[in-house]
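Residue numbering for the sequence shown follows the numbering used here, starting at 486 and increasing by one per position.
For each residue, glycine too, the CB sits at the ideal point set by N, CA and C.
Shown next, in structure tokens, is the structure this report addresses.
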Amino acid sequence: MCIRVSVEIKLKGDKDKLRSLMVAMEPDNVNLPEGMTIEMNMESGQLIIACEGNIERIPSILNTLDEMISLAKSSLNTIGDKM
């Protein structure tokens, strides 16, 4: 039996800055551990980051999300927006 875990982060803000953030974070979504996926999209003025994986991957998912939150915060500070 396979149990999947899914976590979403929703960031609200200026659409152009969020779109820039999404583009900046895309290169980090490659070479993921087997069974893990990351999807990002813009919806209703929000950048939605969804990370999903097998339950065995919870530590990897949490580490990945922590890295993405840090990158998002750093990137938004660089382009002049606070989280």
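Within this structure, are the beta carbons of residue i and residue j separated by less than 8 Å?
i, j, result
"L506", "L547", "no"
"M553", "I533", "no"
"M521", "G498", "no"
"I540", "K502", "no"
"M525", "R504", "no"
Determine the closest residue to residue i out of the options, with distance taken between C-alpha atoms.
i, options, result
"P518", "K502, P544, S559", "P544"
"K500", "R542, E511, Q531", "Q531"
"L556", "R504, A509, V515", "A509"
Going by DSSP, which residues form a beta bridge with residue i?
i, result
"K558", "Paired residue(s): none; K558 is not in a bridge."
Quick check on residue i: does DSSP put it in helix, strand or coil?
i, result
"I546", "helix"
"I534", "strand"
Buried or exposed for residue i, going by 16 or more other Cβ atoms inside 10 Å?
i, result
"T549", "buried"
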